[in-house]
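K.L.:
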Amino acid sequence: MQAIMETIFESAYLIFAIVAGIFILCKAKGRKEFILFGVATIILGVGDSFHLIPRMIALCTNGLENHVFSLGLGKLVTSITMTIFYVILFYSFKNRFNRQTENGFESLFLALAAARFALCAFHQNEWFVSPSSYAWSIIRNVPFVIMGAMFICVSFVWCRQDKFFKFTWLLVLLSFVFYLLTVLVAPYISIMGMMMLPKTICYIILIVFGIRAVLQN
0 MQAIMETIFE SAYLIFAIVA GIFILCKAKG RKEFILFGVA TIILGVGDSF HLIPRMIALC
60 TNGLENHVFS LGLGKLVTSI TMTIFYVILF YSFKNRFNRQ TENGFESLFL ALAAARFALC
120 AFHQNEWFVS PSSYAWSIIR NVPFVIMGAM FICVSFVWCR QDKFFKFTWL LVLLSFVFYL
180 LTVLVAPYIS IMGMMMLPKT ICYIILIVFG IRAVLQN
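Residue numbering for the sequence shown follows numbering that gives the first Met the number 0, starting at 0 and increasing by one per position.
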């Protein structure tokens, strides 16, 4: 039952994200904030597919333990693309609200993204081993979580009066809570891996915000 339900949900999510991203690009009409939002959405869907497709195949065939390499590669790719997603989303909102950051905020944000990329490249992550390094799963997520906190702050300030994106900060906050529960607890309590489902729902809602905005602006 888990295999069937996850496969249906994750397939629908991947198709929705990629199609929605293309749709937003088609409706952007040269508006940079929507071009960036559409690109970010496509990257989100394509990046997640590297992890979710092998997971669906594993669940529907001979189990996760027999797909260690493909699942590890998927986690690596998704770690990179999720970081890129937040960088592009940051610039999408910066363009939408015509805001300037101060005191090196933007430089720090980009430096954290670079640190995340670098940490993901270390062989100590043990991407292709099961179980992979728990310590390094925490280490590589430190800059990512700080990025998330920074994005939550700016989206709260920038978007709070926006008709379409005013709850972006809350969706991102919840997505990180669900993500951290998966990273920190799931290795010990496997059912906590299900927290990735509400995390995905947060991204679906955010994409819907983008679709509504591009159609009504």
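Glycine included, each C-beta is placed from N, C-alpha and C at the ideal position. Predicted model, so just to flag it, every value in this text is computed and none were measured.
Across the region 83 to 92 and the region 153 to 167, are there enough close Cβ pairs to call them in contact, namely three or more that are closer than 8 Å?
P.N.:
With the cut-off at 8 Å, the region 83 to 92 and the region 153 to 167 touch.
K.L.:
Whole angstroms is fine: what's the gap from residue 167's alpha carbon to residue 205's?
P.N.:
Along the sequence shown, one-based indexing puts residue 167 at 168. Along the sequence shown, one-based indexing puts residue 205 at 206. If you take the alpha carbons of residue 167 and residue 205, they lie about 7 Å apart.
K.L.:
Helix, strand or coil, according to DSSP, for residue 123 in the structure here?
P.N.:
Counting from 1 along the sequence shown, the entry for residue 123 is found at position 124. Helix.
K.L.:
Does the Cβ-Cβ distance between residue 209 and residue 40 come in under 8 Å?
P.N.:
Your numbering for residue 209 matches position 210 in the sequence shown. Your numbering for residue 40 matches position 41 in the sequence shown. Taking 8 Å as the Cβ cut-off, residue 209 and residue 40 qualify as a contacting pair.
K.L.:
Only counting runs of 4 or more residues, tell me where the alpha helix (DSSP H) segments fall wholly within the region 54 to 118, in order along the chain.
P.N.:
Runs found: 67 to 95.
K.L.:
Return helix, strand or coil for residue 160, following the three-state DSSP convention.
P.N.:
Looking up residue 160 in the sequence shown gives position 161. DSSP places residue 160 in coil when its eight states are reduced to three.
K.L.:
So for residue 211, helix, strand or coil by DSSP?
P.N.:
Here residue 211 corresponds to residue number 212 of the sequence shown, with the count starting at 1. Here residue 211 sits in helix by DSSP.
K.L.:
In this structure, how does DSSP classify residue 134 when only helix, strand and coil are distinguished?
P.N.:
By 1-based counting over the sequence shown, the position of residue 134 is 135. DSSP places residue 134 in helix when its eight states are reduced to three.
K.L.:
Could you tell me if residue 112 is buried or exposed, where buried requires 16 or more neighbouring beta carbons within 10 angstroms of its beta carbon?
P.N.:
The residue labelled residue 112 in the question sits at position 113 within the sequence shown. With 16 or more Cβ atoms within 10 Å of its Cβ, residue 112 is classed as buried.
K.L.:
Buried or exposed: which applies to residue 130, given that a residue is buried once 16 or more other Cβ atoms fall within 10 Å of its Cβ?
P.N.:
For this step, residue 130 is matched to residue 131 along the sequence shown. Counting Cβ neighbours within 10 Å, residue 130 comes out exposed, since fewer than 16 surround it.
K.L.:
Can we say the region 43 to 60 touches the region 5 to 24, given the rule of at least three CB pairs closer than 8 Å?
P.N.:
Contact holds: three or more Cβ-Cβ distances are below 8 Å.
K.L.:
With distances taken Cα to Cα, identify the nearest neighbour of residue 124 among 99, 78 and 97.
P.N.:
Stepping through the sequence shown from its first residue, residue 124 is reached at position 125. The shortest Cα separation from residue 124 among 99, 78 and 97 belongs to 78.
K.L.:
For a test of the three-state rule: what should DSSP assign to residue 188, helix, strand or coil?
P.N.:
Here the question's residue 188 lines up with position 189 in the sequence shown. In the structure shown, residue 188 sits in coil (DSSP, three-state: anything other than H, G, I, E or B).
K.L.:
Is it buried or exposed, residue 51, if we count other Cβ atoms within 10 angstroms and call 16 or more buried?
P.N.:
Numbered from its first residue, the sequence shown carries residue 51 at position 52. Label assigned to residue 51: buried.
K.L.:
Could you please give the first and the last residue of the uninterrupted alpha helix (DSSP H) stretch that includes residue 26?
P.N.:
In the sequence shown, the residue the question calls residue 26 occupies position 27. Segment 1 to 26, the alpha helix (DSSP H) holding residue 26.
K.L.:
In angstroms with no decimal places, state the Cα-to-Cα distance between residue 19 and residue 161.
P.N.:
Position 20 of the sequence shown, counting from 1, holds the residue named residue 19. Position 162 of the sequence shown, counting from 1, holds the residue named residue 161. About 21 Å.
K.L.:
With DSSP as the reference, label residue 31 as helix, strand or coil.
P.N.:
What you label residue 31 is simply residue 32 of the sequence shown in a count that begins at 1. Residue 31 falls in the helix class under three-state DSSP.
K.L.:
Grab me the residues of residue 64's own chain with a C-beta within less than 7 Å of its C-beta, minus the 5 sequence neighbours each way, in chain order.
P.N.:
Taking the first residue of the sequence shown as position 1, residue 64 is located at position 65. Closer than 7 Å at the Cβ level, and outside the excluded window around residue 64, lie 129.
K.L.:
Grab me the residues of residue 184's own chain with a C-beta within less than 6 Å of its C-beta, minus the 5 sequence neighbours each way, in chain order.
P.N.:
For this step, residue 184 is matched to residue 185 along the sequence shown. Result list for residue 184: 191, in chain order.
K.L.:
Compare the beta carbon distance of residue 194 and residue 172 with 8 Å and say whether it is the shorter of the two.
P.N.:
Working through the sequence shown from its first residue, we reach residue 194 at position 195. Working through the sequence shown from its first residue, we reach residue 172 at position 173. No, the Cβ-Cβ distance between residue 194 and residue 172 is not below 8 Å.
K.L.:
May I ask you to report which of helix, strand or coil DSSP gives residue 166?
P.N.:
If you number the sequence shown from 1, residue 166 lands on position 167. Residue state, collapsed to three classes: coil.
K.L.:
Comparing C-alpha positions only, which one of 35, 118, 101 and 95 sits nearest to residue 75?
P.N.:
For this step, residue 75 is matched to residue 76 along the sequence shown. The option with the nearest alpha carbon to residue 75 is 118.
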